[in-house]
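Presented below is the structure to which this report refers.
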Amino acid sequence: MQLSKVELIEVGKKFEREWLFRHFSFVFEKGQPTAIIGANGSGKSTLMKIIAAALPPNEGEVVYRDLQGKAIDIDHYPRLLSWVAPYLRLPQDFTLDELYRFHSRFKPLRLAYEAWLDLLQLRPHRHKALRFFSSGMRQKVQLSLALFSDTPLLLLDEPTMNLDKENAAWYKRHVLESIQERIVIISSNESAEYDFCTRRIRLSAL
């Protein structure tokens with residue numbers, strides 16, 4: 001299924017009686033990477049969850065549209081997106097071999113397994129359970145699954161958390177390869193994570 005754009009139409013979200021944002025409309029498209037920025041507590045991660053259809057808005061709607069402009073059924077959304085965030089976790093008992101096979105059942109990767117291992121530079125750890133990986137190694141694995149999955153929507157929430165300078169550069173190199181062919185949305189307070197984005201959304205507390 002092809003995805004041409006993601007539309008947010010008059011979206012609002014509140015917790016109890018406090019609104020994080022209201023009447024928010026935006027269109028995300030390929031070739032226009034977008035950064036969501038703002039102070040802690042402004043709703044960046046909440047907005048990402050709404051875009052991913054993991055959290056319903058209190059007002060408005062999120063619409064994924066196909067190449068003909070028709071709305072795509074929400075049941076298809078999970079297969080159209082790849083998502084990295086601090087609050088998402090990989091299966092800790094899986095090895096890299098098992099993780100690749102499991103992930104590929106739902107979202108095929110654009111790399112064969114051996115090529116994926118080489119790109120990760122984690123071949124010596126292929127038979128080790130992820131729970132024994134460092135936080136930086138797990139973050140790189142999670143990023144690789146999102147960056148190289150054959151999905152049209154890429155959501156990155158604080159993508160270089162736990163990465164050292166070398167692996168942050170690895171992230172930058174490979175995300176730049178995605179921006180023309182995919183809808184790329186990055187939530188961050190670190191300018192180095194999104195300085196290539198051509199559009200920026202600044203959230204502020206109401």
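The sequence shown stops at residue 206 when you use UniProt numbering, and every number in between is there.
For each residue, glycine too, the CB sits at the ideal point set by N, CA and C.
Predicted model, so just to flag it, every value in this text is computed and none were measured.
Between W116 and S149, the gap from beta carbon to beta carbon reaches 8 Å or more. The DSSP-derived three-state label of R202 is strand. The Cβ atoms of A129 and W83 lie no closer than 8 Å to each other. Within the stretch 26-67, the complete beta strand (DSSP E) segments of 3 residues or longer fall at 34-38 and 59-65, listed in chain order. Secondary structure at F133: coil, using DSSP grouped into helix, strand and coil. Going by C-alpha positions, A71 is about 13 Å away from V27.
Nearest neighbour of L153 by Cα position, chosen from N40, I50, E193 and R79, turns out to be R79.
The stretch 30-38 makes no contact with the stretch 131-147; the number of CB pairs closer than 8 Å stays below 3. Distance from the Cα of K172 is smallest, within the candidate group E193, S25 and D157, for E193. Contact between the stretch 38-50 and the stretch 89-99 is not established, with fewer than three Cβ pairs separated by less than 8 Å. In the three-state reduction of the DSSP assignment, R105 falls in the helix class. Secondary structure of E166 (DSSP, three-state): helix. Under DSSP, E7 shares a beta bridge with V27 and V63.
In the DSSP assignment, L155 falls within the unbroken beta strand (DSSP E) covering L153 to D157.
8 Å or more divides the Cβ of E177 from the Cβ of K30.
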